[in-house]
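**Student:**
Residue numbers (UniProt numbering): 1 to 715.
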């Protein structure tokens, strides 16, 4: 076996890297695991073939695909010294094994005096590869880095279909699919957060791949700032992927001895369809990314005050809401925006992180004490990175905001962005937040961020240079500092909904607020889109008011509950405005969530292919002895007969008792139906796993905006 070939395998994935000393490092193979894989055989199969009209020698795609390689493929590293030393030629100097398993490949170009450290780690349980690159300036002049991909990964040319994720505020995680093409697919984000419009993840597949069968792979950049995603299909038949941080002009200038490190790129491959790719990401996030101090705790039912009161706070109203929340089964009460400074609307007060004496003259102690007396945890809303010009903080420190020299600063939602890369700004925020966490023994922070960063200049201390990279790292450090000081504190990443949702932020937080949109129909699709990379346990999903505040649509309590159960369930509505009957239905739904949340948050997630008018998802326990599936009818069905529901992930040989556990009454609009013939609302009926998956079960006739939740248990 060639000693220069590094092999990482596990979790159904195989990665082989040619890292011979003195040579350019390149990936020989990355993809689904190959039985009896031999490096020499794979190198022979990857041999270059000369054809007329091509260069007379092989031009390999290296780990950074530097310009010196002459591939004409887009470079994964663009760096220079005032326009010189751009033809960087990185050669392997040494290799070090890492636990994980993993490898670190140290490379150097002696001529340009530029070094690179490539780190590759494989999660052998989930089958997810983590890779990153660190560029170091060993020369005696400043090195400007304009672009550095986390890694350049070769792709199987059969992966001709791309699934990307676009969207907008209140409409996140919208799938877009592109068929076979020649050239480049590029998505860029300069919002200063992961953004609503361009989630940093892609799934590639062959034309015949579906949820359960076929070749697919997934990629995610674990970074909460600007990013670029690109897939290049080259004329010579090769295909490659790059992901990395999208830098502002001149943002990264390395002095002698300084380094720049990329965000992590996560990748996985499967021959078992897109669903297996998602489950690999879910397993990796749950096992390797989420904070172990809180990851094992059951996800408590939230009550958030935002859509109940907005900025109209007073102690008696909030306490009444807490009583109602506890009465239906909420376990965590979160006081949202409006509790601090002069924050009576969105025009003032951001940055003044002290309890408003006008609204709460006795502080928050009466509310916190009542919440705890009712058996709930207490959470508080912050937006640490932002400041209103109408605030004591901004009047005292107008130089603490991000801006661009000579350009008018753009206010967004009447707020500006604080420059957290300044230590004094980060210290101020830490001291204010930590003091409140300590005083009120806060269990939970909803960490919001409600604007894009249009002009991320660092002010006089950087000569006006952009500091978005430093800003993102400073946010991470501030959150880490709080988590270290308060180990049991949980934090939610919210950014006008799902505008900051990625594995980088989830390394230090406990969930994401999937969307500001609580419309139960929209949430079915938003949460389905998010499920390609995120497990249910981290997706905040709330029961909203009867009339959705964003879309104006009205839904039954049964449908609102059904959409919220498949996630981290919560409530965001004024319970005093709901009927007594609907509050009773809500309490039943919360009890159902609590009974089955261990299954929902630890089982294998399945998206079941369905017609456009419906959405079907399910979770199967690790032992495959239990499962829950949701069937939601979103529009009128096009045919006379109702849909057939085909379950997934079951053991074909086992027998399962099938029951409908939600809603609590027969929802059929025509009776008798299968609900009666199979006694699905009571004892249920036993069927084989094979029959349920391959023959399926007809759903009862339903009205649009209705949902059924099925519970399956081994008989």
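No residue lacks a Cβ here, since even glycine has one placed at the ideal position from N, Cα and C. Small disclaimer: the values here were computed from a predicted structure and weren't measured.
Since residue 31 and residue 140 are thought to touch, with beta carbons under 8 Å apart, how far apart are those beta carbons, to the nearest angstrom?
**Tutor:** Going by Cβ atoms, the distance from residue 31 to residue 140 rounds to 42 Å, so no, they are not a contact pair.
**Student:** So within the segment 569–643, which uninterrupted alpha helix (DSSP H) runs reach at least 4 residues, ignoring any that extend past its ends?
**Tutor:** Qualifying alpha helix (DSSP H) stretches, in chain order: 580–602.
**Student:** Starting from residue 185, follow the beta strand (DSSP E) in both directions and report where the run begins and ends.
**Tutor:** From DSSP, the beta strand (DSSP E) with residue 185 extends over 183–189.
**Student:** When DSSP builds the beta bridges, which residues end up paired with residue 381?
**Tutor:** Answer by DSSP bridge pairing, in chain order: 446.
**Student:** Does DSSP put residue 205 in a helix, a strand or coil?
**Tutor:** It is a strand residue.
**Student:** Would you mind sorting residue 647 into buried or exposed? The rule is 16 or more other CB atoms within 10 Å of its CB.
**Tutor:** Flag for residue 647 reads buried.
**Student:** With 16 as the cutoff for other CB atoms within 10 Å, does residue 36 come out buried or exposed?
**Tutor:** By the neighbour-count rule (16 or more Cβ atoms within 10 Å), residue 36 is not buried but exposed.
**Student:** Taking 7 Å as the limit between beta carbons, can you name the residues of its chain near residue 282, skipping five residues before and five after?
**Tutor:** 535, 605, listed in sequence order.
**Student:** With the cut-off set at 8 Å, would you say residue 622 and residue 603 are in Cβ contact?
**Tutor:** For residue 622 and residue 603, yes; Cβs fall inside 8 Å.
**Student:** In the DSSP assignment, find the unbroken alpha helix (DSSP H) run with residue 680 in it and report its ends.
**Tutor:** Taken as a continuous stretch (DSSP letters only), residue 680 belongs to no alpha helix (DSSP H), as it is neither H nor E.
**Student:** Between which two residues does the alpha helix (DSSP H) holding residue 279 run?
**Tutor:** Here the alpha helix (DSSP H) through residue 279 covers 273–284.
**Student:** Rounded to whole angstroms, what is the Cα-Cα separation between residue 414 and residue 404?
**Tutor:** Between residue 414 and residue 404, the C-alpha separation is close to 18 Å.
**Student:** Rounding to the nearest angstrom, what Cα-Cα distance links residue 191 and residue 226 in this structure?
**Tutor:** When rounded, the distance between both Cα atoms is 6 Å.
**Student:** List, from N- to C-terminal side, the alpha helix (DSSP H) runs of 4 residues or more that fit wholly inside the segment 326–398.
**Tutor:** For the segment 326–398, whole alpha helix (DSSP H) runs of length 4 or above, ordered along the chain, are 365–373, 392–396.
**Student:** Could you give the uninterrupted runs of the beta strand (DSSP E) lying entirely in the segment 121–201, keeping only those of 3 residues or more?
**Tutor:** If we require 3 residues or more, the beta strand (DSSP E) runs fully inside the segment 121–201 come out as 128–137, 143–155, 161–168, 171–178, 183–189.
**Student:** Do residue 352 and residue 341 have their CB atoms nearer than 8 Å?
**Tutor:** Yes, Cβ-Cβ distance for residue 352 and residue 341 is below 8 Å.
**Student:** For residue 32, which residues does DSSP report across the bridge?
**Tutor:** The partner list for residue 32 (beta bridge, DSSP) reads 13.
**Student:** Which parts of the segment 508–570 are runs of the alpha helix (DSSP H), unbroken and 4 residues or longer, counting only runs that do not cross its ends?
**Tutor:** Qualifying alpha helix (DSSP H) stretches, in chain order: 520–530, 557–565.
**Student:** In three-state DSSP terms, what is residue 465?
**Tutor:** Coil.
**Student:** DSSP three-state label for residue 95, please.
**Tutor:** Strand, per DSSP.
**Student:** For the candidate residues 395, 475, 314, whose alpha-carbon lies nearest to that of residue 787?
**Tutor:** An answer regarding residue 787 cannot be provided, because it is not within the stretch 1 to 715 covered by the chain.
**Student:** Helix, strand or coil, according to DSSP, for residue 474 in the structure here?
**Tutor:** Helix, per DSSP.
**Student:** Contact between the segment 684–691 and the segment 652–661 is defined here as three or more beta-carbon pairs at a separation below 8 Å; is this criterion met?
**Tutor:** Counting Cβ pairs under 8 Å, three or more are found: they touch.
**Student:** Mapping DSSP to helix, strand and coil, what is residue 440?
**Tutor:** Helix, per DSSP.
**Student:** Please state whether DSSP places residue 1 in a helix, a strand or coil.
**Tutor:** Low local confidence applies: a pLDDT of 40 at residue 1 is under 50, so the model's placement there is unreliable, and no value is given.
**Student:** Within 10 angstroms of the Cβ of residue 1, are there 16 or more other Cβ atoms? Answer buried if so, exposed if not.
**Tutor:** The predicted position of residue 1 is uncertain, since its pLDDT is 40 and thus under 50; a value taken from the coordinates is nonetheless stated next. Its Cβ having fewer than 16 others within 10 Å, residue 1 is exposed.
**Student:** Does DSSP put residue 293 in a helix, a strand or coil?
**Tutor:** Note: residue 293 maps to helix in three-state DSSP.
**Student:** Using only the alpha-carbon positions, how far apart do residue 706 and residue 68 sit?
**Tutor:** Cα to Cα, residue 706 sits roughly 59 Å from residue 68.
**Student:** Going by Cα to Cα distance, which pick from 344, 681, 422 is closest to residue 385?
**Tutor:** Comparing Cα positions, the closest option is 422.
**Student:** Does DSSP put residue 653 in a helix, a strand or coil?
**Tutor:** Residue 653: coil per DSSP, three-state reduction.
**Student:** By alpha-carbon positions, which one of 701, 695, 615, 694 ends up nearest to residue 676?
**Tutor:** Comparing Cα-Cα distances from residue 676 to each of 701, 695, 615, 694, the minimum goes to 701.
**Student:** Within the continuous alpha helix (DSSP H) that includes residue 104, where are the two ends?
**Tutor:** Taken as a continuous stretch (DSSP letters only), residue 104 belongs to no alpha helix (DSSP H), being part of the beta strand (DSSP E) at 102–109.
**Student:** Between which two residues does the alpha helix (DSSP H) harbouring residue 309 extend?
**Tutor:** That run of the alpha helix (DSSP H) goes 306–309.
**Student:** DSSP three-state label for residue 40, please.
**Tutor:** Correct three-state label for residue 40: helix.
**Student:** Are three or more beta carbon pairs between the segment 268–282 and the segment 143–151 nearer than 8 Å?
**Tutor:** With a cut-off of 8 Å, the segment 143–151 and the segment 268–282 do not count as touching, because too few Cβ pairs lie within range.
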